[in-house]
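Written out as structure tokens, the structure reads:
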């Protein structure tokens, strides 16, 4: 039963975190989501972003979205840690940071896979420019180093492998602090 509750909490937290991270990264990458998608992102994140904006100073980036994601990570790991014997503040913070990093890196990997699939299936889909705009800041340096080979763009594959390696290094570093 605990596994089922954990899976439900993790799924809900991942969806909410995705809304926060998409909202943050869309602002950083300066891309505008399609209207219906933007409504979902704002409705799923306004409940925490708007109160956090009153506390956090305004700046170039919407830090309320990122801090909100970290708070969602903390809330999502609390039930599992509460049931285990690892319920201490240091452990909660480290596991929450690890969860945040996983959401960020797997989110980018998912966006790259979606962009690749859309380029093959329906390159003119309404969401395609939004996804392309989100991945462009990460893929641009790779595309400058590795041009398309015979019409095949390997930048997304290289990006996914690179993100996976970096995530493995981050996770192993965080585990060493536990």
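Numbering (our numbering), first residue to last: 5 to 182.
Note that beta-carbon positions come from the ideal geometry of N, C-alpha and C, so glycine has one too.
For residue 11, the first and last residue of its enclosing alpha helix (DSSP H): First-last of the alpha helix (DSSP H) with residue 11: 6-33.
Buried versus exposed, by CB contacts within 10 Å (16 or more), residue 134: The residue is buried, with at least 16 neighbouring Cβ atoms inside 10 Å.
Cβ neighbours of residue 181 in the same chain (closer than 7 Å, five flanking residues each side left out): 98
Sub-7 Å separation of residue 123 and residue 13 beta-carbons: For residue 123 and residue 13, no; Cβs fall outside 7 Å.
6 Å Cβ shell around residue 69 - same chain, five flanking residues per side excluded: In the same chain as residue 69, and ignoring 5 residues on each side of it, the C-beta atoms closer than 6 Å to its own belong to 24, 27, 28 and 53, in chain order.
Supposed contact pair residue 72 and residue 49 - C-beta distance, whole angstroms, cut 8 Å: 7 Å
Residue 158 in three-state terms, based on DSSP: coil
Residue 104 in three-state terms, based on DSSP: Helix, per DSSP.
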